[in-house]
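When the letters of the sequence shown are read in order and numbered with my numbering, they come out as residues 4 to 309.
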Amino acid sequence: MEPMVAAVIAIAVSLLASVFVARAKRRRGLLKKASAHLEWGDLKGAAALLERAGESVRAAELFAKAGERKHALELLIRLESFDAAIEALRGGDSDAVKAGAKLLGDCRALEDRARASALAELARGVGEHRLAADLFEQAGNAEDARASRLQEARAAAAMGKHLEAAALYERVGELRAAAVARAECARRETDPQRRRDLSAQASLALERCNDLTGAAEALAIGGDIDGGVKLLLRASNVASAAQLLQWHGQHGRAADLFEKAGDFKSAARACNQGGDKRRAAALLEKAGETERAVQLLREAQDPRAA
């Protein structure tokens with residue numbers, strides 16, 4: 004029996020050796036082909052051959068350079084080379100960074116604060132401010148998280164998403180910016196009731212921020228010009244109340260307020276803008292601008308004299 008056992012062992016060893024030799028030969032062949040593909044500039048082809056040859060790290064590097072970052076990432080994650088996986092995302096676009104963040108998050112690699120922070124920097128670099136803020140928060144970096152939230156809010160406002168911007172500003176305590184965004188949303192709203200509601204909310208928030216001019220303008224956006232004027236007059240801000248009326252084409256009422264405040268030049272300007280040259284001339288006379296008053300009277304009598 005012993006010679007037979009020895010023979011079986013010898014055959015088994017021989018078979019294993021032949022398998023290893025065949026594998027080594029196949030690997031050398033794949034590496035040779037990969038080298039050739041590299042010389043031709045075919046990074047993706049070389050990477051695929053290196054992956055088949057078991058050279059996963061080198062393959063991932065080439066896949067990343069070839070723009071196949073997701074494939075590179077998957078390879079590196081399987082190897083648990085998480086830092087290298089994040090590095091493979093460098094230079095990628097926003098879609099690549101978002102996809103990478105999901106893959107790394109799914110395998111809990113981003114529970115490491117340093118990794119979360121590194122990926123947050125990449126996300127910020129490609130304009131993914133929400134993702135960057137989330138990752139900075141995960142990394143315990145409150146300052147950069149807040150900065151990214153602000154960038155996210157500004158980006159939302161630039162895209163016309165003013166309510167979203169308002170919510171983001173409120174989240175980081177920028178209450179005046181939130182109110183301004185809400186007022187802008189009201190300005191663009193086509194439904195009259197919703198426009199009034201949004202403008203009233205914005206006005207109240209701006210008043211709480213001591214921005215009475217902004218609060219009054221917010222009311223005017225919703226059609227409540229008189230409410231805005233009353234708000235400013237309660238604060239004895241006659242000039243701003245008059246300007247609000249001017250902005251909304253109520254030049255005669257604006258002139259009344261300017262005149263009441265003793266600002267005859269501004270009152271005259273408002274009258275002139277409203278087409279009432281005779282009253283404008285009279286107000287200029289009060290302001291001591293006699294020459295200009297005479298000129299306006301001539302223009303009122305004969306428009307060709309303008």
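Using N, Cα and C, we set each Cβ at its ideal position, and we do this for glycine too.
Looking at the unbroken alpha helix (DSSP H) that takes in residue i, where does it start and where does it end?
i, result
"His-254", "254 to 263"
"Glu-288", "280 to 289"
"His-251", "That residue, His-251, is in no alpha helix (DSSP H); it is neither H nor E in DSSP."
"Lys-268", "267 to 276"
"Lys-233", "228 to 237"
"Asp-200", "195 to 211"
"Glu-187", "178 to 191"
Should residue i be labelled buried (16 or more other beta-carbon atoms within 10 Å of its own) or exposed?
i, result
"Met-4", "Caution is warranted here: a pLDDT of 48 is assigned to Met-4, below 50, making its placement in the model unreliable, and the coordinate value is therefore given only provisionally. Met-4 comes out exposed."
"Arg-116", "exposed"
"Gln-196", "exposed"
"Lys-280", "buried"
"Glu-294", "exposed"
"Asn-213", "exposed"
"Ser-202", "buried"
Give the single residue among the options whose Cα lies nearest to the Cα of residue i.
i, options, result
"Ala-184", "Pro-195, Arg-197, Asp-200 and Ala-156", "Ala-156"
"Lys-289", "Glu-262, Gln-276, Gln-304 and Asn-275", "Glu-262"
"Arg-174", "Arg-152, Gly-230, Met-162 and Lys-164", "Arg-152"
"Arg-111", "Gly-95, His-132, Arg-81 and Leu-300", "Arg-81"
The ligand MN and residue i: does any heavy atom of the ligand fall closer than 7 Å to the residue's C-beta?
i, result
"Lys-263", "Among the ligands in the structure shown, none appear at all, so the ligand MN cannot be discussed."
Tell whether a beta-carbon distance below 8 Å holds between residue i and residue j.
i, j, result
"Lys-101", "Leu-134", "yes"
"Ala-315", "Ala-168", "The question about residue 315 has no answer, for the chain in this structure spans 4 to 309."
"Arg-237", "Leu-209", "no"
"Gln-298", "Ala-273", "no"
"Gly-75", "Phe-85", "One detail in the question is off: residue 75 reads as Ala in this sequence, not Gly. Contact flag unset, no."
"Ala-271", "Ala-283", "yes"
"Ala-244", "Leu-222", "no"
"Arg-72", "Gly-103", "yes"
"Gly-143", "Ser-97", "no"
Secondary structure, beta strand (DSSP E): runs of 3+ residues fully inside the region 120 to 146: none
Secondary structure, beta strand (DSSP E): runs of 3+ residues fully inside the region 52 to 113: none
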